[in-house]
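Numbering (my numbering), first residue to last: 20 to 283.
Yeah, the Cβ is synthetic: ideal placement off N, Cα and C, and Gly gets one too.
Predicted, not measured: the structure shown is a model, and the values here were computed from it.
Okay, so here's the structure we're looking at.
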């Protein structure tokens with residue numbers, strides 16, 4: 020299935036409905052953060068997805084009303100020569116959460132399984148080594164007390180094209196434009212294969228991938244927040260608010276690669 024249908028829900032059909040739902044969920048996120056701070060938890064949330072999948076917008080809504088002292092968004096640029104000569108995970112390790120912190124990665128070490136692999140920025144051996152090393156690395160972090168949540172925002176080919184075109188004409192989105200945009204469209208099939216391999220090879224019971232059908236930006240944002248709240252298990256939150264739509268946000272299953280639940 021090339022383009023999953025956009026899922027319309029009562030809280031996204033009208034602007035007021037979306038804003039009200041988002042406000043209520045952001046209130047719950049504040050409760051979650053208070054719980055994280057009180058108990059000294061360490062939370063790492065990873066966002067991956069194709070260009071224009073909605074990572075920036077989703078992260079913006081999550082952190083909008085959280086304490087900036089205990090919340091950080093990490094979006095690392097191109098690795099330096101020093102980074103390339105170091106252990107691959109080393110430059111990310113500096114940004115891991117300390118006690119009371121929530122860290123959100125806007126792209127992460129999974130660059131190696133996506134753009135670096137597709138664009139030949141790493142060798143085949145480096146790619147294969149990463150796929151074999153990343154879960155033990157994440158399991159080690161989890162064993163050390165870091166809670167890890169991994170979200171893959173999945174959009175259709177048509178939706179990606181539309182969003183990339185919108186970037187060219189909207190003056191407020193010019194900062195998002197990049198020469199890599201045209202390459203992303205050209206290499207759609209290569210990125211699809213890389214996504215399928217990454218999800219299958221790097222999802223585990225301890226560190227699962229959560230797939231988000233993100234053609235509908237508003238529904239994706241609301242349901243990512245609901246899922247995040249449900250996974251952080253704060254007793255003060257409204258359990259009715261933390262009930263994501265499982266047709267939009269769902270744990271990855273290897274069968275999804277052939278069942279039509281992922282964009283092709």
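Specify the secondary structure class of residue i as computed by DSSP and reduced to three states.
i	result
residue 273	coil
residue 13	This structure does not reach residue 13, given that the chain is present from 20 up to 283, and the question cannot be answered.
residue 166	strand
residue 188	helix
residue 217	helix
residue 229	strand
residue 59	coil
residue 91	strand
residue 234	coil
residue 121	strand
residue 174	coil
residue 65	strand
residue 24	The pLDDT assigned to residue 24 is 47, lower than 50, so where the model puts this residue is not dependable, and the model offers no usable value.
Going by the CB atoms, is the gap between residue j and residue i shorter than 8 Å?
i	j	result
residue 215	residue 175	no
residue 271	residue 227	yes
residue 275	residue 230	yes
residue 59	residue 104	no
residue 55	residue 121	yes
residue 47	residue 238	no
residue 210	residue 162	no
residue 70	residue 199	yes
residue 80	residue 265	no
Could you say which of the options lies nearest to residue i if we only look at CA atoms?
i	options	result
residue 93	241, 66 and 85	66
residue 283	131, 257 and 206	206
residue 100	256, 140, 38 and 222	140
residue 64	202, 251, 108 and 266	251
residue 78	57, 97, 45 and 109	45
residue 62	202, 225, 264 and 166	166
residue 57	281, 263 and 253	253
residue 225	187, 164, 202 and 109	164
residue 218	110, 130, 84 and 109	130
residue 263	41, 33, 281 and 34	41
residue 281	142, 148, 68 and 143	68
residue 203	84, 188, 177 and 273	177
Residues in the same chain with beta-carbon distance under 7 Å from residue i, minus the five sequence neighbours each way, listed in chain order, please.
i	result
residue 258	none
residue 268	229, 231, 242, 243 and 246
residue 220	150
residue 213	132, 133, 136 and 137
residue 256	47, 50, 51 and 248
residue 82	90, 92 and 123
residue 222	228 and 271
Report all residues from its chain with a CB closer than 6 Å to the CB of residue i; omit the five preceding and five following residues, and keep chain order.
i	result
residue 39	none
residue 249	261
residue 146	136
residue 107	none
residue 186	192, 195 and 196
residue 102	110
Is there contact here, the stretch 62 to 78 with the stretch 163 to 179, by at least three beta-carbon pairs under 8 Å?
Yes, the stretch 62 to 78 is in contact with the stretch 163 to 179.
Is there contact here, the stretch 122 to 134 with the stretch 84 to 103, by at least three beta-carbon pairs under 8 Å?
In short, these stretches touch, since the Cβ pair count reaches three.
Taking contact to mean at least 3 C-beta pairs separated by less than 8 Å, is the stretch 107 to 118 in contact with the stretch 180 to 197?
No, the stretch 107 to 118 does not touch the stretch 180 to 197.
How do the stretch 186 to 195 and the stretch 79 to 89 stand: do at least 3 beta-carbon pairs fall below 8 Å, yes or no?
Short answer: they don't touch.
Within 8 Å, do at least three Cβ pairs link the stretch 46 to 53 to the stretch 147 to 154?
Judged by Cβ distances under 8 Å, the stretch 147 to 154 makes no contact with the stretch 46 to 53, as fewer than three pairs qualify.
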